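One structure is given here, and the rest of the page talks about it.
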Amino acid sequence: MQAAEPFLRLEGIRKDFGAFTALRDIRLEVAQGEFVCFLGPSGCGKTTLLRIVAGLEAQTAGTIRQGGRDISALPPAERDYGIVFQSYALFPNLTVFDNVAYGLVNRRTDRAAIRSRVAELLQLVGLPESAAKYPAQLSGGQQQRIALARALATSPGLLLLDEPLSALDAIVRVHLRQEIRSLQQRLGVTTVMVTHDQEEALSMADRIVVMNHGVIDQVGTPIEVYREPATPFVADFVGKVNMLAGTVEAPGRVKVGARSFSGASCNGSPGRAVRAYLRPEDIVARPIAEGDPNVLEARIDKIEFLGSYCLVRVVAEGLGEQPLTVYLSLNYLSEQGLRAGSALKLRVLAERMRVFDS
Amino acid sequence: MSAVLAAGGARVRQRVHWTDRTAHLLLAAIALALVAFLAGPLAAILAQSVEDARGRFVGLENFFAYFATPALAESLWNSVWVSLLATAVVVPAAFVYAYAIARSCMPLKGAFRIIALVPLLAPSLLAAISLIYWFGNQGVLKDWMQALGIESIYGAPGIVLAEIFSVFPHALIILVTALSLADARLYEAAEALGTSRARKFFTVTLPGAKYGIASAAMVSFTLVITDFGIPKVIGGNFNVLATDVFKLVIGQHDFQKGAVVAIFLLAPALLTFVVDRFVQRKQTSMLTARAVPYAPRPQKGFDLAMTAYCVLVTALMLAVLGMAMFASFVKFWPYDLSFSLRHYVLGLVDMEVGAAFVNSLTLAFFTATAGTAIVFAGAYLVEKTRGAGWLRSGVQFLALIPMAVPGLVLGLGYIFFFNAPQNPLNFLYQTMTLLVLCTVVHFYTTGHLTAVTALKALDAEFESVSASLKVPFWRTFWRVTLPICTPALVDISRYFFINAMTTISAVVFLYSPDTKVASIAILNLDEAGEPGAAAAMAVLIAAASLAACIAYLCIGWLVERRTQAWRASK
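Each protein sequence line maps, in turn, to chains A and B.
Anchor point for the first sequence: position 68 equals 67 in numbering that gives the first Met the number 0, and the numbering is continuous, going up by one each time.
Anchor point for the second sequence: position 79 equals 78 in numbering that gives the first Met the number 0, and the numbering is continuous, going up by one each time.
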């Protein structure tokens, strides 16, 4: 009759805290084995949504189905998931072994089976030697992996990660995110992760759910969310962006200040006020051929050195007061001898422009 | 099949797991117990105060009758000014002492601190007995006192002095805490701006400690106005509210006026309670996570002055304590000062205080064990289980009330409530069980707050993790929560034990000849004209409390080694 039911399906989820509505009409499907990130600023409801999936909060309305089962009204203990919290919540007075075995002791009576399962899990997270240690003897990143091993110990169908990396320092964070991702792919466990870090979401997820003020703004692959943001909020929240206020001149033409850009994907009646969103990398310094459309004469206002790339703020002729931010490679800047005050030509890839009503 | 019906506005209710249901039942049991042993008795007092002797509602008539009795109205005024005076002395005195402990580099800080806390180990009336030996009719320094213009120690002077001694440690604890919560960065900033010492004190130190000072003043006032033992022993003909309650209820069986006085005693305690809650919130918000703890630096003159002050205060305290001990070992004061155990023999054997002492130990033991279990279970259920929100807030609220209820008032409520023939719990009246329950309730709040603090320090997600691993909450309670919290449990238990040993106010209404406790026996000895034996028994109680403290210290150390090994591994 129908395609296989998604592994996890949220329908019309709503959550009220008194008069405040934290979540509104949340609709989402997650396929078996998928890695989904809830991304949004703090207070957008992403953690609440995760806790509702876990049954740690009860939704005010709406249904949740997991693995073909309606779990909307089930308490956490009757659902099937493992969870890792931002604080890890490792039991500090139990050894790593006892922490990982915590959920196993209840189910399997066979001690040898528990021992071999714990050993297997510690191997999996790359800490085979740590069984006898207490959590306080481990580094933050190691604690994180133990929490992951504990959550995976009972082979749950769903893995929930609540900002699992935000308590770690930058280098460990970058390293662990690849590790978690590859572990997830190896085990094929359906995973939902909450994060406010867009880079984390972009690099780890199969699909990103961008949330704002209790609603889902966009669901899509990292590339979709980045390249084709569905709302101004998404464009602004994910990645850097230039926002230009303008008007529609004609279908496919946007006028900003005295300049008009052709090839933009916009329609609607001429004269409508719009905001055009443009990524810094969609304004390029080369190659520019003679006669290319959408070329700007610009002057460098400020250069922020970031390493191999620099964030360059330019003021372009005809755009009025609105400055643009572009990425230019350090090599290009030095080859051309560019510095603050220098003039240069820039080409706007107008087809990449996202145009929204203002 | 998979068509999902839209919820269509119907609220989703999560099914309650049976383990959560169990938690709710336990929580309900705690709530019920608090209603029966706290709310019930308090309601009985309120009811009694607006009824006549035959149980008819008379509105505020009892209150009018009270004020129409000049002797009673005078007690109200006596209580107020005596308490104000004692507070006015004890708070500055304790402040300087606390300042020395928290902000100077004087030597022997630990010793000074412990000596100042010693009064907590004995019933408050120990100080009164001791003052009688110093300044009473046959007192050593009676002439000095009279030279200062005080005719007799019996009455207001004795009450004020004894209260200062016994309330000092309470004020000190609060003030040391307040002064320890200083942010060093403020002082560094002040110093960088070239601020003088005095200006730093008035612009940084005092504002930082003002809530602590307010709290200490309120607590001191309440403790003094509700204390029964001291005015009973040294008050003479000087009547105060606390002694009035006793006379009205036990002597004249005028329950209605007794209830009226109880309500007067409840008022300052309630006010203290409200102010204290407010203060606590302010105090904690003052110190942010980024504050740097203040560490005093040596300053010769200042440290010397502080040491001198602390030596003086501890000398006075030891004089009070020492006199009681000395008098208890003297053959016949003041004529034959040779060593004798006569008073101990007289007290323990002839006056049968031995049995009372055993009763005290029994009371303290069961309060310290059952009380700790109940309080910790209650705090755990409130803090760490899911669902049953209204039950949770109910228990939370009831758990804080005992702080605002003086022992005398609670004890009176127990008479009204449990002595009523129609109360199905009437069979408990005058039993040791009721004494234990009353004492647990009397000191419930401090134990509860200690437990809550310890529980709040645990990761809030332990229970969520357990649920996701399908481990029932009691297993996590047993394997994780309880082991981590054992140091707090030891603290709570010690607090219960010491207070059960020394309490008078609540139990004075509730004992029978079989369940009389030692602190009450001391009162009786004193009334019977045996101050030496009374002193001896007070010393024994202090010794037992001290022994208990040492025992708890050892238990604490053992427990720490067994359950807190993971902390050391950092």
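Ideal placement from N, C-alpha and C gives every residue a C-beta, glycine not left out.
Computed from a prediction, not measured in an experiment: that's the story for all the values here.
Which of the three DSSP states, helix, strand or coil, is assigned to residue 290 of chain A?
Three-state result, residue 290 of chain A: coil.
With a Cβ-Cβ cutoff of 7 Å, do residue 514 of chain B and residue 431 of chain B count as a contact?
Result yes, Cβ atoms of residue 514 of chain B and residue 431 of chain B sit closer than 7 Å.
Quick check: what's the CA-CA separation for residue 435 of chain B versus residue 505 of chain B?
Spanning the two alpha carbons is a distance of roughly 11 Å.
Less than 6 Å between the CB of residue 274 of chain A and some heavy atom of the ligand ATP, yes or no?
Summarising the ligand content, the structure contains no ligands, and the ligand ATP is consequently not present.
Put residue 218 of chain A into one of helix, strand or coil per three-state DSSP.
Residue 218 of chain A: strand per DSSP, three-state reduction.
State buried or exposed for residue 0 of chain B, treating a residue as buried only when at least 16 other CB atoms are found within 10 Å of its CB.
Unreliable positioning characterises residue 0 of chain B in this predicted model, as indicated by a pLDDT of 34, which lies under 50. The coordinate reading is nonetheless provided below. The residue in question, residue 0 of chain B, is exposed, as its Cβ has fewer than 16 Cβ neighbours within 10 Å.
Compare the C-alpha of residue 326 of chain A against each of A:286, A:298, A:342 and A:281 and name the closest.
The shortest C-alpha separation from residue 326 of chain A is found at A:281.
Please classify residue 556 of chain B as buried or exposed, where buried requires at least 16 other C-beta atoms within 10 Å of its C-beta.
Residue 556 of chain B comes out exposed.
May I have the straight-line CA-CA distance separating residue 384 of chain B from residue 18 of chain B, to the nearest angstrom?
Rounded to the nearest angstrom, the two C-alpha atoms are 10 Å apart.
Alpha carbon to alpha carbon, how far is residue 214 of chain A from residue 179 of chain B?
C-alpha separation (whole angstroms): 47 Å.
Assess contact between the segment 47-59 of chain B and the segment 133-141 of chain B, defined as three or more Cβ pairs (one per stretch) separated by less than 8 Å. Is contact present?
With the cut-off at 8 Å, the segment 47-59 of chain B and the segment 133-141 of chain B do not touch.
Keeping to the same chain, check which residues put their C-beta closer than 6 Å to that of residue 90 of chain A; ignore five residues upstream and five downstream.
Closer than 6 Å at the Cβ level, and outside the excluded window around residue 90 of chain A, lie 98.
By Cβ distance, which residues of its chain are closer than 8 Å to residue 418 of chain B, with the 5 residues on each side in sequence left out?
Result list for residue 418 of chain B: 425 and 428, in chain order.
Report the residue ranges of all alpha helix (DSSP H) runs contained in full by the segment 286-356 of chain A; include only those spanning at least 4 residues, in chain order.
Taking only runs of at least 4 residues, the alpha helix (DSSP H) segments lying wholly in the segment 286-356 of chain A are 329-335.
How many whole angstroms separate the CB atoms of residue 231 of chain B and residue 221 of chain B, which I take to be in contact at a CB cut-off of 8 Å?
That pair is no contact at about 18 Å.
Let me know the secondary structure DSSP gives residue 414 of chain B once reduced to three states.
Helix.
Let me check understanding here. Comparing Cα to Cα, which of A:140, A:237 and A:301 lies closest to residue 310 of chain A?
Selected option, being the one with the closest Cα: A:301.
Please state whether DSSP places residue 60 of chain A in a helix, a strand or coil.
Residue 60 of chain A falls in the strand class under three-state DSSP.
For residue 4 of chain B, count neighbouring C-beta atoms within 10 Å of its own C-beta (all shown protein chains included) and say buried if the count is 16 or more, exposed if not.
Caution is warranted here: a pLDDT of 41 is assigned to residue 4 of chain B, below 50, making its placement in the model unreliable, and the coordinate value is therefore given only provisionally. By the 10 Å Cβ count, residue 4 of chain B comes out exposed.
So for residue 21 of chain A, helix, strand or coil by DSSP?
Three-state result, residue 21 of chain A: strand.
So, for residue 261 of chain A: in the same chain, excluding its five sequence neighbours on each side, which residues have a beta-carbon less than 8 Å away from its beta-carbon?
For residue 261 of chain A, where only same-chain residues beyond five positions count, the Cβ hits under 8 Å are 251, 252, 292, 293 and 349.
Starting from residue 391 of chain B, follow the alpha helix (DSSP H) in both directions and report where the run begins and ends.
Note, residue 391 of chain B: alpha helix (DSSP H), 388-399.
I'd like to know whether the C-beta atoms of residue 66 of chain A and residue 156 of chain A end up nearer to each other than 7 Å.
Contact flag set, yes.
Under 7 Å, Cβ to Cβ, is there at least one residue of chain B near residue 6 of chain A?
No - not a single Cβ of chain B is within 7 Å of the one on residue 6 of chain A.
Residue 251 of chain A lies in the beta strand (DSSP E); which residues open and close that run?
Segment: none, residue 251 of chain A is in no beta strand (DSSP E) and carries neither H nor E.
Can you give me, in chain order, the residues of the segment 8-41 of chain B that have a beta carbon less than 8 Å from any beta carbon in chain A?
So the close ones are 8, 9, 10, 11, 12, 13, 14, 15, 16, 18 and 19.
Excluding five sequence neighbours on each side, which residues of the same chain lie with their C-beta closer than 6 Å to the C-beta of residue 36 of chain B?
Only 436 and 440 meet the Cβ criterion.
Give, in chain order, every residue of the segment 457-474 of chain B whose Cβ lies closer than 7 Å to some Cβ of chain A.
Those would be 458, 460, 461, 463, 464, 466, 467, 468, 469 and 470, in chain order.
Alpha carbon to alpha carbon, what distance is there between residue 170 of chain B and residue 487 of chain B?
Taking the straight line from one Cα to the other gives about 22 Å.
Given that residue 562 of chain B touches chain A, what residues does it touch there, using C-beta distances under 9 Å?
Under the 9 Å cutoff, chain A gives 92.
What residues in its chain sit with their C-beta under 7 Å from that of residue 400 of chain B, if we drop five residues either side in the sequence?
Excluding sequence neighbours, residue 400 of chain B sits near 37.
List the residues of chain B that residue 74 of chain A touches, going by C-beta distances under 7 Å, in chain order.
The answer, in chain order, is 13, 14, 15, 16 and 19.
Using a C-beta to C-beta distance shorter than 9 Å, which residues of chain B count as neighbours of residue 220 of chain A?
Result: empty, since nearest Cβ-Cβ is about 25 Å, beyond 9 Å.
Do residue 323 of chain B and residue 129 of chain B count as a contact pair if the criterion is CB distance below 7 Å?
Yes, the Cβ-Cβ distance between residue 129 of chain B and residue 323 of chain B is below 7 Å.
Starting from residue 145 of chain A, follow the alpha helix (DSSP H) in both directions and report where the run begins and ends.
Note, residue 145 of chain A: alpha helix (DSSP H), 139-151.
Looking at chain B, which residues of the segment 77-92 of chain A have a Cβ within less than 7 Å of any of its Cβ atoms?
Result list: 77, 80, 81, 82, 84, 86, 88, 90, 91 and 92.
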